[in-house]
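Enquirer: Structure provided below as structure tokens; questions to follow.
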Amino acid sequence: MGLVDKLNALKRDHAISMHVPGHKNMTIGNLEQLEWSYDKTEITGLDDLHSPDGVLLELNNLLSKKEPGYNAQAMVNGTTTGILSAVHALKDDVEKFLIVGDAHKSVYHALDLAGVSFEKVNFDNLLEMSVGNTAVLITYPSYSGRAPSLPEVIEQVRAAGGTVIVDEAHGAHFGITGRFPQSALRHGADIVIQSYHKMLPALTGASVVFTKEQALHNRVMKYIDHFETSSPSYLILASIELAHQFYNDFEDEVFFQKRAELIKSLEHRGFSVTKADDPAKIVLNIEGVSPYLLFDALNRKDVYSEMVTEEGVLWCLPLFHEGDNYPLESLSGRLDELTLVEDVRNEVQEDLSFLLGRPAVRAVVPYPPGIPLIHEGERFTEEVIKSIIHKKSYHVKIEGIEENIAYYKVDDA
Ligand SMILES: Cc1ncc(COP(=O)(O)O)c(C=O)c1O
């Protein structure tokens, strides 16, 4: 089946989205205002994304009002471009990078390309460290919606002469009302990068980088120009403007009411629902049932989740609002028809013990969430091999593992 056929099949089956992007198959937000004819390039009057002084500067100025005191730059190639650019903007000025929490692969790609040294640290240990002239890169919130308290950490790092970059890919909706966690923008981080496309109703690829100081903003812009396409999609850019208006206008009553009803109906059907700091993230389980089996059962009903791990099935909830078209009723019907069939496990017989103790030639990254299990150069341990076999038996996509296998198999032959 070709790609267009596959997408049409999902449409025909009325697939239900509990995953990113935040417009949930165009049922949330205002993207119906976009027209295909908006797909233009940087012609007269449409400005230059990497040196904006017209309509795109106006867009950036609008975005910068999210938090007074910040510069903003719209991007079309996701938070990945923002992370690459932020790391490069700081690489010559800091002694090293401290990576806090489970960072996405784009962070390690940026560090690798920049050729800088880094250390991984635990969020809780950060307050006890003397950071000095470092760049501290914090992933906030986590993929599954954990949002630890930031003010003290940011204040302390900055007071010690450090620079704080926050990968807020999953938090573009933070601060949308007082019942959601605050963005790191509110706490004065130096650079904050948000994927508008993940949790707000914007097109995939839509992101924004916010920078506090003008000189740093200028350096980030230099690298955005290096890394980002020079043919930006005006559909994506226009979707950022619409998503930002959505953010400004959002009222949360409908969201919290529908969310409460959904959680109640899930619990009524025997699900256990784990809530996160971010009210738009929940993790589902059914006692005695493997999360992988549950994930598969939902897929078979055309209810697509964001991710499955040992902790459960992650749902990114729609930002329900007055007048949204999200198919909650249809979801309810499909949950009633859910059948948990025989185990989806495919016992992996492969012997990977030959990898033990050998340095990875490529990072090994379960995807999603895109957080490396081991980095290039790190040695395979028994625990890592066990985890790979376990994930493989549940059909989890693991980037980089086949390259390692092929490399060492040839080496052994
Ligand atoms: C924590 C985190 N940071 C960064 C990224 C990259 O964001 P984008 O897809 O907008 O490039 C992701 C993508 O999933 C992510 O989960």
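Here the sequence shown is numbered in the working numbering, starting from 2 and rising by one per residue. Note that CB positions come from ideal geometry on N, CA and C, so glycine has one too.
1) Could you please give the first and the last residue of the uninterrupted beta strand (DSSP E) stretch that includes I192?
2) Taking the beta carbon of F257 as the centre, do at least 16 other beta carbons fall within 10 Å, making it buried, or is it exposed?
3) Alpha carbon to alpha carbon, how far is E36 from D14?
4) Closer than 6 Å by C-beta to S115: which residues in its own chain qualify, once you throw out the five before and the five after it? Chain order, please.
5) Tell me A73's beta-bridge partners as DSSP assigns them.
6) Mark M2 as exposed unless 16 or more other C-beta atoms lie within 10 angstroms of its C-beta, in which case mark it buried.
7) Are the beta-carbon atoms of M200 and G23 separated by less than 8 Å?
8) To which residues of the same chain is G102 closer than 7 Å at the C-beta, ignoring the five residues directly before and after it?
9) Tell me whether G371, by its Cβ, gets closer than 7 Å to a heavy atom of ligand 1.
10) Starting from I390 and walking both ways along the alpha helix (DSSP H), at which residues does that stretch end?
11) Does DSSP put E59 in a helix, in a strand, or in coil?
12) Taking the alpha-carbon of E404 as reference, which of L374, E383 and A364 has the nearest alpha-carbon?
13) Go ahead and label G79 buried or exposed: buried means 16 or more other beta carbons lie within 10 angstroms of its beta carbon, across all protein chains shown.
14) Excluding sequence positions up to five away, which residues of its chain have a Cβ less than 6 Å from the Cβ of V309?
15) Can you have a look at Q350 and say buried or exposed, based on whether 16 or more other CB atoms are within 10 angstroms of its CB?
16) Can you give me the Cβ contacts of F251 inside the same chain, cut-off strictly under 6 Å, excluding the 5 residues immediately before and after it?
17) Could you check where the alpha helix (DSSP H) with S143 kicks off and where it finishes?
18) In the DSSP output, which residue or residues are listed as bridge partners for M308?
19) Considering F257, what are the terminal residues of the alpha helix (DSSP H) in which it resides?
20) Give the DSSP-derived three-state secondary structure of S240 in the structure shown.
21) For the structure I just gave you, are there three or more beta carbon pairs, one from the region 182-197 and one from the region 148-166, closer than 8 Å?
22) Hey, does V284 have any beta-carbon neighbour from chain D nearer than 8 Å?
23) Can you give the Cα-Cα distance for P328 and N219, rounded to whole angstroms?
24) Counting only runs that start and end within the region 69-132, where is the alpha helix (DSSP H) found for 4 or more residues in a row?
25) Let's see if you can read the secondary structure: which residues bound the alpha helix (DSSP H) around Y327?
26) Assuming E330 and V255 make a contact with CB atoms under 8 Å, what is their CB distance in whole Å?
27) Quick one: does the C-beta of A173 sit closer than 7 Å to a heavy atom of ligand 1?
28) Do S240 and ligand 1 come close, with the Cβ less than 7 Å from some heavy atom?
29) Would N347 and H396 be called neighbours here (beta carbons separated by less than 8 Å)?
30) Taking contact to mean at least 3 C-beta pairs separated by less than 8 Å, is the region 192-206 in contact with the region 155-174?
31) May I ask which residues mark the beginning and end of the alpha helix (DSSP H) holding V154?
Expert: Looking at the atomic coordinates:
1) Taking the sequence shown and counting its residues from 1, one reaches residue 192 at position 191. Per DSSP, I192 belongs to the beta strand (DSSP E) from I192 to S196.
2) Counting from 1 along the sequence shown, the entry for residue 257 is found at position 256. Label assigned to F257: exposed.
3) Translated into the one-based positions of the sequence shown, residue 36 becomes position 35. Translated into the one-based positions of the sequence shown, residue 14 becomes position 13. Cα to Cα, E36 sits roughly 24 Å from D14.
4) Taking the sequence shown and counting its residues from 1, one reaches residue 115 at position 114. Sequence check: residue 115 is Ala here, not Ser. Contacts found: V88, H89 and K92.
5) Reading the sequence shown from its first residue, position 72 is the one you call residue 73. Looking at the DSSP output, A73 shares a beta bridge with F211.
6) Numbered from its first residue, the sequence shown carries residue 2 at position 1. Counting Cβ neighbours within 10 Å, M2 comes out exposed, since fewer than 16 surround it.
7) On the sequence shown, residue 200 is found 199 positions in, with the first residue counted as 1. On the sequence shown, residue 23 is found 22 positions in, with the first residue counted as 1. Yes, the pair counts as a contact, with Cβ atoms nearer than the cut-off.
8) Within the sequence shown, the letter at position 101 stands for residue 102. Cβ within range, chain order: F124, I139, T140 and S143.
9) The residue labelled residue 371 in the question sits at position 370 within the sequence shown. G371: yes, Cβ under 7 Å from ligand 1.
10) Stepping through the sequence shown from its first residue, residue 390 is reached at position 389. Counting along the chain, the alpha helix (DSSP H) containing I390 begins and ends at E383 to S394.
11) Within the sequence shown, the letter at position 58 stands for residue 59. In the three-state scheme derived from DSSP, where H, G and I count as helix and E and B as strand, E59 is classed as helix.
12) The residue you call residue 404 lines up with position 403 of the sequence shown. Checking every option, the nearest Cα to that of E404 belongs to A364.
13) Numbered from 1 along the sequence shown, position 78 holds the residue referred to as residue 79. Label assigned to G79: buried.
14) In the sequence shown, the residue the question calls residue 309 occupies position 308. Cβ neighbours of V309 within its own chain (closer than 6 Å, five residues either side excluded): P292, Y293 and F296.
15) Indexing the sequence shown from 1 puts residue 350 at position 349. Classification for Q350: exposed.
16) Working through the sequence shown from its first residue, we reach residue 251 at position 250. Answer for F251: I177, listed in chain order.
17) Taking the sequence shown and counting its residues from 1, the one referred to as residue 143 is at position 142. Neither: S143 is in no alpha helix (DSSP H) and is coded neither H nor E.
18) As a first step, residue 308 is located in the sequence shown; it is residue number 307 there, counting from the start. Bridge partners of M308 according to DSSP: L315.
19) In the sequence shown, counting from the first residue as 1, residue 257 sits at position 256. Where F257 is concerned, the enclosing alpha helix (DSSP H) stretches over E254 to H269.
20) For the purposes of this step, residue 240 is identified with residue 239 of the sequence shown, where counting begins at 1. Helix at S240.
21) yes
22) Among the chains of the structure shown, chain D does not appear; only one protein chain is present.
23) Residue 328 sits at position 327 when you count from the first residue of the sequence shown. Residue 219 sits at position 218 when you count from the first residue of the sequence shown. Spanning the two alpha carbons is a distance of roughly 44 Å.
24) 79-91, 106-115 and 124-127
25) Translated into the one-based positions of the sequence shown, residue 327 becomes position 326. Looking at the DSSP string, Y327 is not in any alpha helix (DSSP H), and its letter there is neither H nor E.
26) Taking the sequence shown and counting its residues from 1, the one referred to as residue 330 is at position 329. Taking the sequence shown and counting its residues from 1, the one referred to as residue 255 is at position 254. Actually they do not touch by this definition, with Cβ atoms about 15 Å apart.
27) On the sequence shown, position 172 is the one that residue 173 refers to. No, Cβ of A173 sits at least 7 Å from all heavy atoms of ligand 1.
28) By one-based count along the sequence shown, residue 240 stands at place 239. Remark: the C-beta of S240 is outside contact range of ligand 1, defined as less than 7 Å to any heavy atom.
29) Counting from one through the sequence shown, the residue named residue 347 turns up at place 346. Counting from one through the sequence shown, the residue named residue 396 turns up at place 395. Yes. Within cutoff.
30) yes
31) Within the sequence shown, residue 154 is the residue found at index 153, counting from 1. V154 -> alpha helix (DSSP H) spans P152 to A160.
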